[in-house]
Amino acid sequence: MPAQAISLDVAIEPIASSAFEVFFAYLNDHLSDNGKPGNVYFQPLPYAESVFSIDKAKAFRDALDIPMGEPGWRRLWGAFTPGRKLVGHIDLRANPEPFAAHRCLLGMGVDRTLRKFGLGQRLIEHAGKWASESGKVKWIDLQVLSVNQPAIRLYERSGFTKTGEVPEMFEIDGQPFSYTSMAKRVEVNFSDLV
2 MPAQAISLDV
12 AIEPIASSAF
22 EVFFAYLNDH
32 LSDNGKPGNV
42 YFQPLPYAES
52 VFSIDKAKAF
62 RDALDIPMGE
72 PGWRRLWGAF
82 TPGRKLVGHI
92 DLRANPEPFA
102 AHRCLLGMGV
112 DRTLRKFGLG
122 QRLIEHAGKW
132 ASESGKVKWI
142 DLQVLSVNQP
152 AIRLYERSGF
162 TKTGEVPEMF
172 EIDGQPFSYT
182 SMAKRVEVNF
192 SDLV
């Protein structure tokens, strides 16, 4: 089946803390591409250390059970094929800054076999709709390595605007990497709130 047809049959569903192990395995496979020869860096991690540690996984999983609006909350959605293979994810999490509860941070990824077929756009639209319906989130922010131009183009197509760049924020595997910040105002559909 061609990749484009597969992307149309993908269901985007919440991933609860009780089903986190599937996500953990998927994310470690996804991270194995970070900085791999021939691939772009998409996480500020050296290639040899591009894994989702047990400690990070526990913190991520625990945050899924924190009520929306409380400090440290996080929500996670997965893109599943009809055979229940996880092929993409998106998460929104509380901004840790004081007085920024109206903003959240976005993280996402798409399986290497389904990139450039619209799945990333669908995941962003799904998370944006959830943020809008929450009635609490007014802005979605993200940071991306500036070298990751495919991701930056996706975010721009999805309505994100560049808000700044920190030159040479990271030095990874002997290379400097700049960090781009982007933001998107959440569109509130008032008819959904009535």
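Heads up, the sequence shown is in this note's numbering, so the first residue is 2 and it goes up one at a time. Just so you know, even glycine gets a beta-carbon here, dropped at the ideal spot from N, CA and C. Keep in mind the model is a prediction, meaning the values are calculated, not measured.
So is residue i buried or exposed if we call it buried at 16+ other beta carbons inside 10 Å?
| i | result |
| --- | --- |
| Arg75 | buried |
| Gly79 | buried |
| Asp92 | buried |
| Lys185 | buried |
| Ala152 | buried |
| Gln5 | Interpretation of Gln5 is limited by its pLDDT of 44, a score under 50 that renders its predicted location unreliable; the figure taken from the coordinates is listed afterwards. Gln5 comes out exposed. |
| Val145 | buried |
| Met2 | The predicted model places Met2 with a pLDDT of 38, which falls under 50 and marks its position as unreliable; any figure quoted below should be read in that light. With fewer than 16 other Cβ atoms within 10 Å, it is exposed. |
Roughly how many whole angstroms lie between the Cα atoms of residue i and residue j?
| i | j | result |
| --- | --- | --- |
| Thr164 | Ala12 | 32 angstroms |
| Asp193 | Gly175 | With a pLDDT of only 49 at Asp193, under the threshold of 50, the placement of this residue in the model should not be trusted, and no figure is reported. |
| Arg23 | Leu87 | Per the sequence shown, the amino acid found at residue 23 is Val instead of Arg. Cα to Cα, the separation comes out at about 8 angstroms. |
| Gly89 | Pro99 | 31 angstroms |
| Thr181 | Ser19 | 33 angstroms |
| Ile16 | Ile125 | 16 angstroms |
| Gln150 | Lys37 | 16 angstroms |
| Ser159 | Val138 | 17 angstroms |
| Arg113 | Ser133 | 29 angstroms |
| Asp56 | Phe25 | 12 angstroms |
| Leu31 | Val189 | According to the sequence provided, residue 31 is His. The question's Leu does not apply to it. One C-alpha to the other measures close to 32 angstroms. |
| Val195 | Ala101 | Below a pLDDT of 50, predicted positions are generally treated as unreliable, and Val195, at 45, falls in that range; no measurement from the model is reported. |
| Glu14 | Phe161 | 23 angstroms |
| Ala58 | Phe118 | 28 angstroms |
| Ile7 | Gly136 | A caution first: Ile7 carries a pLDDT of 41, below 50, which makes its placement in the model unreliable, though a value can still be read off. Whole-angstrom Cα-Cα distance: 33 angstroms. |
| Phe61 | Ser54 | 10 angstroms |
| Trp131 | Gly70 | 13 angstroms |
Please say whether residue j and residue i have beta carbons closer to each other than 8 angstroms?
| i | j | result |
| --- | --- | --- |
| Ser179 | Glu169 | yes |
| Arg94 | Leu106 | yes |
| Val41 | Gly129 | no |
| Leu28 | Asn35 | no |
| Asn96 | Asp142 | yes |
| Gly121 | Leu155 | yes |
| Arg116 | Trp140 | no |
Going by DSSP, which residues form a beta bridge with residue i?
| i | result |
| --- | --- |
| Phe178 | Phe171 |
| Lys185 | Ile141 |
| Ile91 | Trp78 and Met109 |
| Ile13 | Ala80 |
| Arg104 | Trp140 |
| Glu166 | Thr181 |
| Leu124 | Answer is none; Leu124 lacks a bridge partner. |
Are the C-beta atoms of residue i and some chain B residue less than 8 angstroms apart?
| i | result |
| --- | --- |
| Lys163 | The chain inventory of the structure shown lacks chain B, comprising one protein chain alone. |
Given 7 angstroms as the limit, tell me if residue i has its C-beta closer than that to any heavy atom belonging to the ligand FAD.
| i | result |
| --- | --- |
| Phe24 | For the structure depicted, the ligand FAD is absent and the ligand set is empty, with no information on it obtainable. |
Kindly confirm or deny that the region 43 to 50 and the region 83 to 98 touch, where touching means at least three C-beta pairs closer than 8 angstroms.
no
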